[in-house]
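Q: I am attaching a structure below and will ask some questions about it afterwards.
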Amino acid sequence: ILLRSAISRDVLRQVTAATYHQVWWPHHDREVYTDRMPVWDAKAGTFTDPDTGTPLTGWDEALDVMDSVDDLEPAYVIRFGERMDPGHMKGYIPGPKADRAIGYVTKYLTKSISEVLDTESARTAIHYDRLHDELCKT
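Numbering follows full-length UniProt numbering, with no gaps: position 76 of the sequence shown is 76.
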């Protein structure tokens with residue numbers, strides 16, 4: 001996390017530990033269209049099933065379904081958890097030192113985007129493989 005603020009480290013740790021995002025729609029554990037993708041119907045203004053021509057569920061319709069079901073589970077929940085290392089939290093007063101820190105972070109973030117990700121962690125390797133597999137489908 002990189003931010004410019006007067007927020008205490010304790011508050012940042014608490015907020016990070018409590019931060020999550022729920023992915024609700026569409027569920028991604030069952031592929032529906034693998035060989036033939038939905039077709040855009042310009043007249044209807046929506047995507048349709050390539051075989052039946054039936055309009056696909058739109059965002060508003062999906063939200064209505066979600067509102068009508070009491071025990072609906074999100075497709076996925078992403079959490080920061082308590083992985084924030086207070087040793088990496090640094091505070092800078094605006095000025096040359098802060099400018100250098102921002103330049104450093106920008107340089108290495110940009111550089112790291114182009115690098116191949118290798119890891120010795122089985123958990124991270126599984127995550128990379130799963131992410132790659134999912135991105136190949138988009």
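Think of the CB as a built atom: it goes at the ideal place given N, C-alpha and C, for glycine as much as any other residue.
Bear in mind that the values here come from a model prediction, so they are computed numbers and not experimental data.
1. Tell me the DSSP secondary structure of Asp-29 in three-state form.
2. Tell me, to the nearest whole angstrom, how far the beta carbon of Val-77 is from that of Tyr-20; I am working on the premise that it is less than 8 Å.
3. Please state the DSSP three-state secondary structure of Thr-106.
4. Between the Cα of Cys-136 and those of Arg-9, Val-11 and Thr-34, spot the shortest distance and give me the residue it belongs to.
5. Pairs of beta-carbons, one from the region 82-101 and one from the region 2-19, closer than 8 Å: are there three or more?
A: In terms of the structure at hand:
1. For the purposes of this step, residue 29 is identified with residue 29 of the sequence shown, where counting begins at 1. Looking at Asp-29 - three-state DSSP - the assignment turns out to be coil, as it is neither helix nor strand.
2. Numbered from its first residue, the sequence shown carries residue 77 at position 77. Numbered from its first residue, the sequence shown carries residue 20 at position 20. Confirmed, about 6 Å.
3. Here residue 106 corresponds to residue number 106 of the sequence shown, with the count starting at 1. Here Thr-106 sits in helix by DSSP.
4. Here residue 136 corresponds to residue number 136 of the sequence shown, with the count starting at 1. Nearest of Arg-9, Val-11 and Thr-34 to Cys-136, Cα basis: Thr-34.
5. yes
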